[in-house]
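Reviewing the structure listed below.
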Amino acid sequence: MQRQTETPAQSGLRKAESQPFPSLRPIAAPASATWINLIRGSQQGNRRACVGGASPLRRLAAPSLSLLLLYMSRASSLLSPHAPHRLLPLLLPLRLSSSSSAAAMPHRRDRTQTPPQKWKPKATEGASSSSTTSAAAEIAAPVERLTLASQSAARAGATQLWVPRGYATSTTDASLASASSSAAAAGQAVVGEKLSKLFKEAPNFTVDNNTFTEAQIRATFYPKFENEKSDQETRTRMIEMVSHGLANLEVTLKHSGSLFMYAGHLGGAYAKNSFGNVYTAVGVFVLGRLFREAWGKEAPKMQAEFNDFLEKNRICVSMELVTAVLGDHGQRPKDDYAVITAVTELGHGKPKFYSTAEVIAFCRKWRLPTNHVWLFSTRKSAASFFAAYDALCEEGTATPVSKALDEIADISVPGSKDHVKVQGEILEGLVARIVSRESSAQMEEVLRNFPQPMSDGEVLSYAVDSDLGPSLREICAANRSDEKQQIKALLENVGASMCPDHSDWFGNSGLDAQSRNADKSVVTNFLQAHPTDYATKKLQEMIRLMKQRHFPAAFKCYWNYHKIDSLSNDNLYYKMVIHVHSDSVFRRYQQEMRKNQGLWPLYRGFFIDVNLFKANNKKAADLSKDGETLLRNINGALDSNSSSVDGLADEDSNLMVKLKFLTYKIRTFLIRNGLSTLFKDGPSAYRTYYLRQMKNWGTSAGKQKELSKMLDEWAVYIRRKYGNKPLSSSTYLSEAEPFLEQYAKRSPANQALIGAAGNLVQTENFLAILDSERDEEGDLQSERGSAPSSPSLTPVDVVPKTEGLIVFFPGIPGCAKSALCKEILNTPGGLGDDRPLHSLMGDLIKGRYWQKVAEERKKKPARITLADKNAPNEEIEDMCGATKAAAVPVIPDSDGTDSNPFSLEALAVFMFRVLQRVNHPGNLDKASPNAGYVLLMFYHLYDGKNRREFENELYERFGSVVKMPLLKTDRAPLPGDVKAILDEGISLFRLHQSRHGRAEPSKGSYAKEWAQWEQRLRKILFGNADYLNSIQVPFDLAVKEVLEQLKAVAKGDLKTPDTVKRKFGNIIFAAVRLTPSDIMGLLRKVAEKNTEVNSFINGIKLEDCLKKAHVTLAHKRAHGVAAVASYGIHQNQEVPVSFNALYYSDKMAALGAQLGTVNGEQINSRNEWPHSTIWTAPGVAAKEANTLPQLAAEGKAKLVPIDPPITISGVLDFY
């Protein structure tokens, strides 16, 4: 049988088979793309292949669909005559054949490697036919075009070796270069003049029936999803899903840096909300240097191949960029580096994100840095993880956290960059998310077949052997004149193979970067033009909705300099940046997605390529309609398939919690973010700021006390040193780190509080030139009074001042809303911005109140309205849309009941306040005979909702909730007579309502009962006046806290309220909690038989001093975090405890214990002698009870056996 002619794609596959990884060279894109089949295909029957830009693992069911796609690509070319002709290649089905049997995945740190695997084509069924040959020829052309590195590209890469700065060139070469550059400059001037003219005429571009637009996502990161539930509820749901085998829990390290996205040298480099600035230049340089470290002399070639691969496969790589030159986070890194956090197939539709296993395979193929990943696939390991975090959350640093998780996790995959070595010990946090249940098997497969290319030591040795050139810090230090000089130096040093085109930073054809700003009409034209495909239609839908809802976001358009050669008056190319100003937008958009399941997600880091063009004839328009229908069928199917992740519902597939450590938050939130308050408003305001932060976090009382002492000392220290001149937040660690280091040296307790300090990296000599401050996640924010240096550096988290704000009060009369409104109006500076404030009191407005508010808002839409009336949510929400305003509810802070968001204590206070009023404008005061009834009526407006449901509804509608302090936390219980009169009134109200509806109480059959109840209510409330006054938070403190929250809202700094009180914190030990009454009952039984025991417990008055009892299972200090966390699976479970002996002396007493089982699993204590300490004499530590058995053996303590043992039950919990 004669051998057929080998196609380029088949040649690439054959060569790939002969090269074991990692010396594998990139081959034809379909072949190289199919390495992902190892992950997905081996688990799912290799059932998917590529459709357009979609996942390379989706497989077309029939040849007719491929013909359909080819037809559509040709139709698209008719619509945009200047666009390149597109074909949508099918990927050749491949399978992985191992030369050895697959070994079982060793757990965690056992990293035994199997021999390298080889790729082999999947065998085809039957003999080759003419139709098969034809189909292969049809596939070969697009496959050949997607070859990663053609011979010419390889030659070019080989010649573009990086040359260190300072190497001289010959005089002849210099003269030739000079002549060439002069000619090029002249040519650029001509082109620049034409472009300048085109740019000036572009605002005149009009949209008509022959105007079309095509939009493609160019770079993006994960969508920002907010859990509907509290963190605690989310944890519980995650553990349930793992327990039932529905999913795995994946945990990764959160490196402290900024988001950087790279889509190839043509696709572009992007920061979170910008491009073409020093942030992206630093990102490109760091990425290029990573290639040099990993590939040595081959780096230029691999950089070029990497760029080519990203461009041809439309892939965007996202990473956490960690450097010491872009300003301070929680700790200045020891080295400048990046860690890959996401790989996204952009395709020509909805982006598809690689699984973590696929990301690791991708990174190991290209020798890029990976993050540390842990997988938890059992209920015990998942519950233990959360318990471990709770044990470490207030003191955790990188080393103990990683060690604990390594011991608990079912699979641990260390990152290629050791956090301690490159960043340091201060760890920002962990990210825990739900992933598919197949993720463990996928990860095992990847680790077997994609071993780590090189260890850190091997990379270092490899890097030493090759000249890496000047470092990032050296370049920034040598170029300190301005930002442009630094950018130019960085891009020149990274080399042409990595970044051959600098137009995103410096413009093109004689036009500078400032010229890239496009007219604001681009967005309007984009929304009005006909979409050429389904993806464009979905992007239009997203932007249109955000503008209609007045979400605080910007849609900024810039000329796409990479498309300069294709520009004409009727064919315009732009880059659109979707810049979300506030996190509240993501939450509000998420609510829209729940209403409209077809909406695409709102991504973080969102950049779109937009093409606006005129069609030449009606046929093109008809084809576009046909194309839209066809692509909707295809993409709609893909959307429906990707709406759930391996059988997980949308809500569950997006479950994620970010768990940050206090040692990091001390530096960033409490010190850095508090600088403005400290220097502007003084130490007292700063103290209020940091105490509120710690309260919101649920910081333990002990840590709050320690931190308050340290932060007060910091405030005095830094104010004394700097006076009234603020310390820059971008370099705050220059002062904070030495202070923390000295503070930590004073005691071990201080050292534990600080976490780690010292070895400060001095950045003053190489800090990048930044004209703007940066927020926690790497956004750029302009300093007051300074203008951004480029069009991409824009303010963030500021609500546009063209929008108004409605402050309203969904509460009950007596909640102090009118008094609060007066205080707000009288506050100098209002809510901290330039918008005027005004108040409309409901009791003084004649006619329809909300109609009056709407009319006032239309007159002055930008002002802040204080709606002094108990407000219905629906009317407020409708008004926001009609009058272009945001709204924020202010509610009294109350625990509520099971069926009402307000507690009986709150109701009593509201009634007491109303009954003290005199001459109220609304006649609801002490003279009103039905005042109690009116308040019960308002109280029952919220009936049927507990506090969490009430707050969640407000949050879903308006994106934020401001809470006004009402009751003191250390208050005494509600007096019995007050509770009884309120319960009586609630019962009477329900009887009246069921019989008479909304009729006045004096007109119903219960008129006599109402009159008597109103009289008794007054008597009882005034009789408890001292109590009702004592439990209220002072009004001035309540006003101060509400003002601070409202100022944050006015700035756009909206935070998600946690509607469930945090019950977790800094765990110290695990124990079985026992009821003191049960212990006393047990001792009485023993005392009945033993007079000495009876005399002992009566002599020490044990019944009076025994307030709590427990059996310790494990202690963090003695047994380690993992040991304590291992009991997480049994938290809140009932445990039987058998007591078999009583030990006592004149200094202490304890009961010997034997623990029982929970769900068939034996519970064991890590203590050598399990026991419950029931008494110690003054000055004797409870841990001394551990010595009682030894003292009894020596005759220094008494032992009383309990036979038969007495069993009582307790609850396992953490403390």
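When you line the sequence shown up against the working numbering, it's residues 314 to 1528, in that order.
Beta carbons: idealized from backbone N, C-alpha and C, even for Gly.
Nothing here was measured: the structure is a model prediction, and the numbers come from that model.
Could you check what DSSP says for Trp608 in three-state terms: helix, strand or coil? Within the sequence shown, residue 608 is the residue found at index 295, counting from 1. Reduced to three states, the DSSP call for Trp608 is helix.
Below 8 Å on the Cβ atoms is my guess for Phe1223 versus Ile1125; work out the distance and round it to an integer in Å. By 1-based counting over the sequence shown, the position of residue 1223 is 910. By 1-based counting over the sequence shown, the position of residue 1125 is 812. Yes, Phe1223 and Ile1125 are in contact; Cβ-Cβ is about 5 Å, under 8 Å.
Sequence-distant residues of the same chain with beta carbon closer than 8 Å to Thr524, five excluded per side: If you number the sequence shown from 1, residue 524 lands on position 211. Asn838, Gln841, Ala842, His843, Leu925, Phe926, Lys927 and Ala928.
Own chain, CB closer than 7 Å to Gln798, minus 5 neighbours either side, in chain order: For the purposes of this step, residue 798 is taken as the residue at position 485 of the sequence shown. Around Gln798: Asn792.
Among Lys978, Ile1119 and Leu1279, which has the Cα closest to the Cα of Asp1349? Taking the sequence shown and counting its residues from 1, one reaches residue 1349 at position 1036. Asp1349 has its Cα closest to that of Leu1279, out of Lys978, Ile1119 and Leu1279.
Backbone CA spacing between Val714 and Leu705 [nearest angstrom]: Numbered from its first residue, the sequence shown carries residue 714 at position 401. Numbered from its first residue, the sequence shown carries residue 705 at position 392. Rounded to whole angstroms, Val714 to Leu705 spans 7 Å at the Cα level.
Cutting at 6 Å between CB atoms, please list the residues of its own chain near Ala717, excluding the five before and the five after it. Along the sequence shown, one-based indexing puts residue 717 at 404. The answer, listed in chain order, is Ala701, Val1434 and Ala1435.
Bridge partners - Trp1488, DSSP secondary structure assignment: Residue numbering aside, residue 1488 sits at position 1175 when the sequence shown is read from its first letter. DSSP output for Trp1488 lists Ala1462 as bridge partner(s).
Taking the C-alpha atoms as reference points, what is the distance between Gln1094 and Leu634? Along the sequence shown, one-based indexing puts residue 1094 at 781. Along the sequence shown, one-based indexing puts residue 634 at 321. Reliability of the predicted coordinates at Gln1094 is poor, the pLDDT of 33 falling under 50, and the value obtained from them is presented with this limitation in mind. Cα to Cα, Gln1094 sits roughly 18 Å from Leu634.
Do you know whose CA, among Glu741, Val1437, His1309 and Arg680, lies nearest Ile979's CA? Counting from one through the sequence shown, the residue named residue 979 turns up at place 666. Nearest of Glu741, Val1437, His1309 and Arg680 to Ile979, Cα basis: Glu741.
Just to confirm, are Thr845 and Glu527 a CB contact at a threshold of 8 Å? In the sequence shown, counting from the first residue as 1, residue 845 sits at position 532. In the sequence shown, counting from the first residue as 1, residue 527 sits at position 214. Closer than 8 Å, so yes.
Within this structure, are the beta carbons of Val748 and Ser668 separated by less than 8 Å? For this step, residue 748 is matched to residue 435 along the sequence shown. For this step, residue 668 is matched to residue 355 along the sequence shown. In contact: Val748 and Ser668 (Cβ atoms closer than 8 Å).
Tell me whether the beta-carbon of Ser752 lies closer than 8 Å to the beta-carbon of Ala670. For the purposes of this step, residue 752 is taken as residue 439 along the sequence shown, with counting starting at 1. For the purposes of this step, residue 670 is taken as residue 357 along the sequence shown, with counting starting at 1. Closer than 8 Å, so yes.
Roughly how many angstroms lie between the CA atoms of Leu600 and Tyr650, to the nearest whole one? Position 287 of the sequence shown, counted from the first residue, corresponds to residue 600. Position 337 of the sequence shown, counted from the first residue, corresponds to residue 650. Approximately 8 Å, taken between the alpha carbons.
Which partner residues of Lys927 appear in the DSSP bridge assignment? Working through the sequence shown from its first residue, we reach residue 927 at position 614. DSSP lists Thr524 as partners of Lys927.
Roughly how far, in whole angstroms, is the beta-carbon of Pro727 from the beta-carbon of Leu603, given that I think they are within contact range, below 8 Å? In the sequence shown, residue 727 corresponds to position 414, counting from 1. In the sequence shown, residue 603 corresponds to position 290, counting from 1. Actually they are not in contact, since the Cβ atoms of Pro727 and Leu603 sit about 18 Å apart, beyond 8 Å.
Which of the three DSSP states is assigned to Val733 in this structure? On the sequence shown, position 420 is the one that residue 733 refers to. DSSP places Val733 in helix when its eight states are reduced to three.
Shortest alpha-carbon distance to Gly640 belongs to which of Leu1341, Lys1321, Ala1069 and Cys789? Position 327 of the sequence shown, counted from the start, is the residue given in the question as residue 640. Residue Cys789 is the option with its Cα nearest to Gly640.
N-terminal and C-terminal residue of the alpha helix (DSSP H) that Ala1240 is part of: Along the sequence shown, read from residue 1 onward, the residue named residue 1240 stands at position 927. Here Ala1240 belongs to no alpha helix (DSSP H), and DSSP marks it neither H nor E.
Where does Ala1510 sit, in a helix, a strand or coil, going by DSSP? Numbered from 1 along the sequence shown, position 1197 holds the residue referred to as residue 1510. Reduced to three states, the DSSP call for Ala1510 is coil.
Does the beta carbon of Lys908 come closer than 8 Å to any beta carbon on chain B? The structure shown contains no chain B; it is built from a single protein chain.
Assuming Leu968 contacts Thr547 under a Cβ cut-off of 8 Å, what Cβ separation, rounded to an integer in Å, is found between them? Here residue 968 refers to the residue found at position 655 of the sequence shown. Here residue 547 refers to the residue found at position 234 of the sequence shown. Yes, they are in contact, since the Cβ atoms of Leu968 and Thr547 sit about 6 Å apart, within 8 Å.
Residue of Gly589, Leu1228 and Tyr1002 minimising C-alpha distance to Asn986: Reading the sequence shown from its first residue, position 673 is the one you call residue 986. Considering only alpha carbons, the answer is Tyr1002.
To the nearest angstrom, how far is the alpha carbon of Ser834 from that of Pro516? Residue 834 sits at position 521 when you count from the first residue of the sequence shown. Residue 516 sits at position 203 when you count from the first residue of the sequence shown. Answer to the nearest angstrom: the Cα atoms are 7 Å apart.
Taking Cβ to Cβ, would you say Thr593 is nearer than 8 Å to Ala582? For the purposes of this step, residue 593 is identified with residue 280 of the sequence shown, where counting begins at 1. For the purposes of this step, residue 582 is identified with residue 269 of the sequence shown, where counting begins at 1. Contact flag set, yes.
From Ser895 to Leu972, what does the alpha carbon distance come to, in whole angstroms? As a first step, residue 895 must be located in the sequence shown, where it is residue number 582. As a first step, residue 972 must be located in the sequence shown, where it is residue number 659. For Ser895 and Leu972, the distance between alpha carbons rounds to 21 Å.
Assigned exposure category for Phe1302 - 16 Cβ within 10 Å defines buried: The sequence position of residue 1302 within the sequence shown is 989, counting from 1. Buried, since its Cβ has 16 or more Cβ neighbours within 10 Å.
Closest Cα partner of Arg745 within the set Phe512, Gly1257 and Lys567: Here the question's residue 745 lines up with position 432 in the sequence shown. Here residue 745 turns out to be Ala, not Arg, going by the sequence shown. Measuring from the Cα of Ala745, the nearest candidate turns out to be Lys567.
Close-in-space but distant-in-sequence residues of the same chain around Lys982 (CB under 7 Å, 5 per side omitted): By one-based count along the sequence shown, residue 982 stands at place 669. Residue 982 is actually Phe in this sequence, not Lys. For Phe982, where only same-chain residues beyond five positions count, the Cβ hits under 7 Å are Gln1006.
Name, in chain order, the residues that DSSP records as bridge partners for Gln1503. Within the sequence shown, numbered from 1, the residue matching residue 1503 stands at position 1190. Partner(s): none; Gln1503 has no beta bridge.
According to the neighbour-count rule (16 or more other Cβ atoms, all chains shown, within 10 Å of its Cβ), is Ala1400 buried or exposed? Counted from its first residue, the sequence shown places residue 1400 at position 1087. Ala1400 comes out buried.
Specify, as a first and last residue, the run of the alpha helix (DSSP H) that Thr712 falls within. For the purposes of this step, residue 712 is taken as the residue at position 399 of the sequence shown. Per DSSP, Thr712 belongs to the alpha helix (DSSP H) from Ala711 to Ile721.
Among Val898, Asn1453 and Gly1310, nearest to Ala866 - alpha-carbon criterion: Indexing the sequence shown from 1 puts residue 866 at position 553. The residue with the shortest Cα to Cα distance from Ala866 is Val898.
So, using beta-carbon positions, are Gly662 and Tyr847 closer together than 8 Å? For this step, residue 662 is matched to residue 349 along the sequence shown. For this step, residue 847 is matched to residue 534 along the sequence shown. In contact: Gly662 and Tyr847 (Cβ atoms closer than 8 Å).
Spatial neighbours of Pro1449 within its chain, please: C-beta separation below 7 Å, excluding the five flanking residues on both sides. As a working mapping, residue 1449 is identified with position 1136 in the sequence shown. Excluding residues within five positions, the ones whose Cβ falls inside 7 Å are Gly1469, Thr1520 and Ser1522.
How would you write the range of the beta strand (DSSP E) that His1423 sits in, first residue to last? Counted from its first residue, the sequence shown places residue 1423 at position 1110. Taken as a continuous stretch (DSSP letters only), the beta strand (DSSP E) holding His1423 covers Ala1422 to His1428.
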